[in-house]
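Enquirer: What follows is a structure written as structure tokens; I'll ask about it next.
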Amino acid sequence: MDGTQKSSLFSTYGHPTLSFDHGKGSYLFTIEGTRYLDFAAGVAVNALGHAHPKLVEALTEQAGKLWHVSNLFAIPGQEKLAKRLCDASFAQKVFFNNSGAEAMETSIKTARRFHAHNGHPERNRLITFTGAFHGRTLATIAAGGKREHLDGFAPRMDGFDQIIADDLDLVRETITAATAGIIVEPVQGEGGVNVLPPSFLQGVRALCDEYNIMLILDEVQTGMGRTGKLFAYQWAGIEPDIMALAKGIGGGFPLAACLATDKAARGMIQGSHGSTFGGNPLAMAVGNAVLDVMLEDGFVEDVADKGLYALQKLAALKDGNNDLIEDIRGKGLLIGIEFKDPPGPIIKCLAEEHVLSVPAAKNTLRLLPPLNTTRAEIDEAIEALEAALIKYRKQRNS
Ligand SMILES: *Cc1c(COP(=O)(O)O)cnc(C)c1O
359 MDGTQKSSLF
369 STYGHPTLSF
379 DHGKGSYLFT
389 IEGTRYLDFA
399 AGVAVNALGH
409 AHPKLVEALT
419 EQAGKLWHVS
429 NLFAIPGQEK
439 LAKRLCDASF
449 AQKVFFNNSG
459 AEAMETSIKT
469 ARRFHAHNGH
479 PERNRLITFT
489 GAFHGRTLAT
499 IAAGGKREHL
509 DGFAPRMDGF
519 DQIIADDLDL
529 VRETITAATA
539 GIIVEPVQGE
549 GGVNVLPPSF
559 LQGVRALCDE
569 YNIMLILDEV
579 QTGMGRTGKL
589 FAYQWAGIEP
599 DIMALAKGIG
609 GGFPLAACLA
619 TDKAARGMIQ
629 GSHGSTFGGN
639 PLAMAVGNAV
649 LDVMLEDGFV
659 EDVADKGLYA
669 LQKLAALKDG
679 NNDLIEDIRG
689 KGLLIGIEFK
699 DPPGPIIKCL
709 AEEHVLSVPA
719 AKNTLRLLPP
729 LNTTRAEIDE
739 AIEALEAALI
749 KYRKQRNS
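Counting from 359, one number per residue, gives the positions in the sequence shown under our numbering.
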């Protein structure tokens, strides 16, 4: 649109001007054919880049057969994908959703229902941590606790007790007879790529065992290979009771899942929960194809190696730009560059160098490449960032 017309869309996203016609691998192309390196990847969603031949084939083949039947009927792709996710994780049970916030809602409901089913409906509160992001539904904004997300949407849903992360004594003090579980985002993505220490995750696990409460991991962003393991909890050598997945799991098709142990899913009996679209045949076809690629030998190890490669190169970049860069952090290909100034203008300069990135809290720019990116593409992104910083410095000083 030309800007003189009034948009018919809610103003929630501002009015982005950059728009793309098609994509291939790690690149996006405008209608004029201008090429951009996509290290935004639809906010960590396009885990296998754009137009991956195996995903295109799976989706188009299914599209010619059957799109939707609802969960009144058995969907074979659901059993298949659920079994494969369980075999690759801690879980024995899966519920399919369409978005991260929904998978978190399912996770919260599962934790509460576990205690209600055990005769303790009063155990219904969840402990959450500042800096985490869990989605934009009424329950998940209450869980996330960020003021900007809650503002104007009162009443805030009750049932969440938020504390600062990485303080195990405080977690223990916060657990009461009404606590159902603890929700942790192992690497806080939107919050600025804050990598929670493995010792903290291990301590939270131990407290959950001690008090027989549910450990819920929000791996919507960290899961499905993003951190260089299939799931981020594997870095800490622990297992959750319940876990939410979304973003990369559908490679760009809306798909999410709540995974749980048999024990944790005990209360989710017939009729207790449902979704019209969740687990539809199109999503299942793509989800199974994504997993085919991610479970290939060496796939996640390669993500870890490329992540280390990028972090090393970025550390060198920081050395030459200490006036602008505060910190480099991340795990696998979930990478944060914290600047001394708000990152908006730097993200813009980087886009002018034809590399796409994503903002996060704490003045952080996120690089979220497709997981099948190459070292050459990582080099290209970092060279562009170097150029963007030169440009930004000039702008700022003029
Ligand atoms: C993106 C995200 C969500 C919300 O996912 P939606 O699909 O936008 O609902 C929840 N938790 C985390 C950690 C996320 O990164």
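We treat Cβ as the ideally placed atom computed from N, Cα and C, and that holds for glycine. Note that the structure is a prediction, hence the values are computed from the model and not measured.
Going by the C-beta, is residue 663 closer than 6 Å to any heavy atom of ligand 3?
Expert: No copy of ligand 3 appears in this structure; the ligands present are ligand 1.
Enquirer: Measure the CB-CB distance between residue 686 and residue 674 and report whether it falls below 7 Å.
Expert: Looking up residue 686 in the sequence shown gives position 328. Looking up residue 674 in the sequence shown gives position 316. Their beta carbons are not under 7 Å apart, which means residue 686 does not touch residue 674 by this criterion.
Enquirer: Which partner residues of residue 687 appear in the DSSP bridge assignment?
Expert: One-based indexing of the sequence shown puts residue 687 at position 329. In the DSSP output, where bridge partners are listed per residue, residue 687 has 694.
Enquirer: For ligand 1, is there a heavy atom less than 6 Å away from the beta-carbon of residue 475?
Expert: Residue mapping note: residue 475 aligns to position 117 of the sequence shown, counting from 1. No.
Enquirer: Is it buried or exposed for residue 632, if we count other Cβ within 10 angstroms and need 16 for buried?
Expert: Translated into positions along the sequence shown, residue 632 becomes position 274. Exposed is the call here.
Enquirer: Could you give the C-beta distance for residue 586 and residue 661, rounded to a whole number, given that I count them as a contact under 8 Å?
Expert: Sequence index remark: in the sequence shown, residue 586 carries index 228 (1-based). Sequence index remark: in the sequence shown, residue 661 carries index 303 (1-based). Right, the Cβ-Cβ distance comes to about 5 Å (below 8 Å), so this counts as a contact.
Enquirer: For residue 457, collect the residues of the same chain with a Cβ closer than 7 Å to its Cβ; drop the 5 residues on either side in sequence, then sort them by chain order.
Expert: By 1-based counting over the sequence shown, the position of residue 457 is 99. Same-chain partners within the cutoff: 604, 612, 614.
Enquirer: Which residue marks the beginning of the alpha helix (DSSP H) containing residue 558, and which one marks its end?
Expert: As a position in the sequence shown, residue 558 is number 200, starting the count at 1. That run of the alpha helix (DSSP H) goes 556-569.
Enquirer: Tell me whether residue 688, by its Cβ, gets closer than 6 Å to a heavy atom of ligand 1.
Expert: Position 330 of the sequence shown, counting from 1, holds the residue named residue 688. Checking the Cβ of residue 688 against ligand 1 gives no.
Enquirer: Does ligand 1 have even one heavy atom less than 6 Å from the beta-carbon of residue 491?
Expert: Along the sequence shown, read from residue 1 onward, the residue named residue 491 stands at position 133. Within the cutoff, so yes.
Enquirer: Output needed for residue 360: all residues of its chain with C-beta closer than 8 Å, excluding positions within five of it in sequence on either side, in chain order.
Expert: Against the sequence shown, residue 360 aligns to sequence position 2. Caution is warranted here: a pLDDT of 49 is assigned to residue 360, below 50, making its placement in the model unreliable, and the coordinate value is therefore given only provisionally. Result list for residue 360: empty, nothing under 8 Å.
Enquirer: Just the C-alpha distance for residue 551 and residue 722, rounded to the nearest angstrom, thanks.
Expert: Residue mapping note: residue 551 aligns to position 193 of the sequence shown, counting from 1. Residue mapping note: residue 722 aligns to position 364 of the sequence shown, counting from 1. So the alpha carbons of these two residues sit roughly 8 Å apart.
Enquirer: Hey, is residue 576 close to ligand 1, as in C-beta under 6 Å from one of its heavy atoms?
Expert: Indexing the sequence shown from 1 puts residue 576 at position 218. Answer for residue 576: yes, Cβ within range of ligand 1.
Enquirer: Could you give the distance in angstroms between the alpha-carbon of residue 545 and the alpha-carbon of residue 690?
Expert: Here residue 545 refers to the residue found at position 187 of the sequence shown. Here residue 690 refers to the residue found at position 332 of the sequence shown. One C-alpha to the other measures close to 11 Å.
Enquirer: Does DSSP classify residue 751 as helix, strand or coil?
Expert: Numbered from its first residue, the sequence shown carries residue 751 at position 393. If DSSP states are grouped into helix, strand and coil, residue 751 belongs with the helices.
Enquirer: For residue 523 and residue 554, what's the separation of their Cα atoms in angstroms?
Expert: Taking the first residue of the sequence shown as 1, we reach residue 523 at position 165. Taking the first residue of the sequence shown as 1, we reach residue 554 at position 196. Rounded to the nearest angstrom, the two C-alpha atoms are 8 Å apart.
Enquirer: Buried or exposed for residue 583, please, with buried defined as at least 16 other CB atoms from any protein chain shown within 10 angstroms of its CB.
Expert: Within the sequence shown, the letter at position 225 stands for residue 583. It counts as buried.
Enquirer: Quick check: what's the CA-CA separation for residue 600 versus residue 678?
Expert: For the purposes of this step, residue 600 is taken as residue 242 along the sequence shown, with counting starting at 1. For the purposes of this step, residue 678 is taken as residue 320 along the sequence shown, with counting starting at 1. Cα-Cα distance, rounded: 43 Å.
Enquirer: Report the rounded CA-to-CA distance for residue 568 versus residue 463, giving the unit in angstroms.
Expert: The residue given as residue 568 occupies position 210 in the sequence shown. The residue given as residue 463 occupies position 105 in the sequence shown. Their Cα atoms are separated by approximately 25 Å.
Enquirer: Checking the sheet assignment: what are the DSSP bridge partners for residue 395?
Expert: If you number the sequence shown from 1, residue 395 lands on position 37. According to DSSP, which records beta bridges pairwise, residue 395 is partnered with 385, 713.
Enquirer: In this structure, does DSSP put residue 578 in helix, strand or coil?
Expert: Walking along the sequence shown from the start, residue 578 turns up at place 220. Here residue 578 sits in coil by DSSP.
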